[in-house]
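Notes for the one structure printed next.
Below, the structure written as structure tokens:
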């Protein structure tokens, strides 16, 4: 009977153990996860950096989750971004869209998906991925018509 209760206590404690975060510092680009994962605007190389900046702003303002894409290809879904209540649409998210940042926060992983609660942006390098030179501006309808 004692084994039963110890086993039951262990099972009840398992979710608490799984939810424990790990402090990390990570560097990467703030991305628009919808276009990155769906491929709706092109492959992964075309939906990052300056080529995708306008769309990244639109998606964040619409509530699409933002991500932090590291140089090794790891994507962290950003659940909270500094002082902002959520990670989408606010001034912080819109200011940092397409920027390469170094962030300090709590890392969580569940079902193969990486999450980060960014407590502080330690460094903002701005937009360093000048992908518009290779991909133009995605989406192309974001280019203003010339005035006559």
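Numbering (mature numbering (1 follows the signal peptide of the UniProt record, and there is no 0)), first residue to last: -18 to -1, 1 to 130.
All C-beta atoms, glycine included, are put in the ideal place defined by N, C-alpha and C.
Quick one: what does DSSP say residue 84 is sitting in, helix, strand or coil? strand
Which residues in the same chain have their Cβ closer than 6 Å to the Cβ of residue 97, if we skip the five residues on either side of it in sequence? 59, 61 and 90
What residue range does the alpha helix (DSSP H) around residue 15 cover? 15 to 20
Taking the beta carbon of residue 11 as the centre, do at least 16 other beta carbons fall within 10 Å, making it buried, or is it exposed? buried
Do you know whose CA, among 48, 107 and 101, lies nearest residue 6's CA? 101
CB-CB under 8 Å to residue 65, same chain, minus the five flanking residues each way: which ones, in chain order? 74
Looking only at its own chain, which residues have a Cβ that is under 6 Å from the Cβ of residue 51, when we skip the five neighbours before and after it? 10, 11, 13 and 57
Between the Cα of residue 54 and the Cα atoms of 8, 41 and 93, which residue gives the shortest distance? 8
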